[in-house]
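Heads up, the thing below is written out as structure tokens.
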Amino acid sequence: MQIKKIHIIPILFALSMQLNAQINLVPNYSFEQYDICPYSISSVTPSCTNWFTPISKMQIIPPPPYSTNNWGSSDYFNTCSTIPTLRPPNNSAGFQYPLTGNAYNGIVLNMSNQSLDICFKEYIEAKLISKLISGRHCIEFYYSTSGYFDNNEYHSIEIGALLTDTLVYRLSGINTQQPQNIYANPQVKQQLPLIRDTLNWIKVSGSFIAKGGEQYLTIGSFQYTDTLKDKSIYIYIDNVKLWNCDSGDTISPILPRELKVYPIPSLNNKITVDYVNGSLGGMQFYLYNTLGQKVYQHKFISGISKKELSLIHLASGVYYYSLGSSEAVYEKGKIILLE
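Here's what the structure looks like:
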């Protein structure tokens, strides 16, 4: 009887590669997905998919200004919003481009006002894709300090990531309508720079030993700062990742989609539409003049992510583009044609 040889080494190698490709356990890690486009300030709840504010889970929602649609809810900024103050990069909290994609969240890391006797913090929270197993886990996220509180004294406080078995929500205030701040010992924490940096995205990273069963992630300041007077800090947050790092491997990248339209300006009335890590198939590309009149339309065929478009019939000038479908607009921008 002839015995067939079975080549198991390549199979084992492929399996090993799959096992070593770590999974990001944070849903909607860069806040690109939304249930509805942000329509007002303080709209992480209910706009940003999978993310919410601990105040929204309180048994008794506090009155304004601490309710979920005032100070209580953290902020969600996305280019899909029709309200300029809720879109990156220039919005009601300051100026910053998303680290990746088209969106980020924003929180009051700390706001203290001596005359009003206020020391208030905001947080964002999400339920992980799956519960943590016991062992070492790695976490990283990025923040950028906003210039929103430029008139207030800056103070280098801690920002942290808290992992819990149960939902984190805020308790009702004691002798006040302000919900209690969350004071805890987060698994990963980092001190803000000594000098306010509103230009760069700063990475917070670290590892911790999970006991197993943790399924909620909360980001904010868990440091006791009630003694700080008139020191306020607002930050943007983007790209939150959490993975099992017992094997020592880094997380496999989740590539963000990005629309690039170039060159700007165009000197030959030709532009290239490039949807990096995405597909243009079935989408519509529209151009409008400064009067809002549609002057060009192109529907992309399936299976492409990049296409050069000829606009030789258009006069020199400024035009506004949108990319989307009949149901929604996904990207907007501006081009300039020069002869």
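Under the working numbering, read the sequence shown as residues 1098 to 1436, first letter to last. From the three backbone atoms N, C-alpha and C, an ideal C-beta is built for every residue, glycine too. In this text, all values refer to a predicted model and were calculated from it rather than measured experimentally.
Nearest residue (CA-CA) to residue i, options the options
i	options	result
L1388	Y1418, G1375 and S1407	Y1418
S1329	L1289, Q1312, G1303 and Y1201	L1289
F1149	V1265, L1122, V1415 and L1206	V1265
Q1075	Q1119, P1161, F1174 and M1155	Beyond the ends of the chain as shown, which are 1098 and 1436, falls residue 1075; an answer cannot be given.
N1202	S1189, S1209 and T1273	S1189
T1273	P1160, E1436 and G1198	P1160
E1237	I1316, C1145, D1262 and S1144	I1316
L1406	G1400, S1413, H1395 and S1170	H1395
G1379	Y1393, V1392, Y1359 and I1401	I1401
S1269	Y1163, E1436, S1399 and Y1393	Y1163
A1307	T1261, N1278, T1182 and K1338	T1261
For residue j and residue i, the rounded distance between their alpha carbons
i	j	result
N1374	P1276	42 Å
L1296	G1421	31 Å
S1318	Y1383	44 Å
I1157	Y1280	20 Å
Q1390	L1314	46 Å
M1155	T1142	13 Å
I1100	D1343	In this prediction, I1100 scores a pLDDT of 38, lower than 50, which makes its location untrustworthy; no coordinate-derived value is stated.
I1138	L1291	29 Å
T1369	P1185	23 Å
K1367	L1408	6 Å
G1198	L1364	28 Å
Y1333	V1301	13 Å
S1171	I1271	22 Å
T1465	N1278	This structure cannot settle anything about residue 1465, because the visible part of the chain is limited to 1098 through 1436.
I1226	Y1385	41 Å
P1181	E1355	20 Å
Presumed contact (8 Å Cβ cut-off) between residue i and residue j, rounded CB distance
i	j	result
N1336	Y1220	Not really, about 18 Å apart at Cβ, beyond 8 Å.
P1135	S1178	5 Å
F1305	A1200	At roughly 27 Å, the Cβ-Cβ gap does not stay under 8 Å, so F1305 and A1200 are not in contact.
Q1312	K1228	5 Å
L1377	F1397	4 Å
S1253	G1309	With a Cβ gap of about 34 Å, S1253 and G1309 do not count as contacting.
L1435	S1413	6 Å
Close Cβ partners of residue i (< 6 Å) along its chain, the five nearest in sequence each way excluded
i	result
L1196	Y1239, W1298, D1335 and N1336
N1147	P1124, N1125 and A1223
K1286	E1255 and G1257
F1217	M1208
G1303	V1285
P1283	G1257, A1258, L1259 and F1319
D1371	K1357 and K1403
Y1331	A1190, V1205, S1243, Y1245 and F1246
K1429	S1419
Y1359	T1369
Contacting residues, own chain, Cβ-Cβ under 7 Å from residue i (five flanking each side not counted)
i	result
V1415	T1387, K1431 and I1433
R1293	T1242 and Y1251
W1340	Q1119, I1120, N1121, L1122, H1234, C1235 and I1348
Y1321	Y1280
Distance cut-off 7 Å: residue i Cβ against heavy atoms of the ligand ATP
i	result
P1124	Summarising the ligand content, the structure contains no ligands, and the ligand ATP is consequently not present.
Proximal residues to residue i (C-beta, below 8 Å), its chain only, five neighbours per side dropped
i	result
D1132	P1143, S1144, C1145 and T1146
P1350	Its pLDDT being 49, under 50, P1350 is placed unreliably by the model, and the measurement read from it follows with that caveat. Closer than 8 Å at the Cβ level, and outside the excluded window around P1350, lies no residue.
Where are the beta strand (DSSP E) runs, 3 residues long or more, that stay fully inside the region 1261 to 1322, in chain order?
List check, beta strand (DSSP E) in window: 1285 to 1288, 1299 to 1307 and 1313 to 1317.
Only counting runs of 3 or more residues, tell me where the beta strand (DSSP E) segments fall wholly within the region 1389 to 1423, in order along the chain.
As far as the region 1389 to 1423 is concerned, its whole beta strand (DSSP E) runs of at least 3 residues are 1391 to 1396, 1403 to 1407 and 1414 to 1421.
Jot down the residue ranges of each uninterrupted beta strand (DSSP E) in the region 1195 to 1247, minimum 3 residues, whole runs only, in chain order.
DSSP runs (the beta strand (DSSP E)) wholly in the region 1195 to 1247: 1200 to 1210, 1215 to 1217, 1221 to 1224 and 1232 to 1242.
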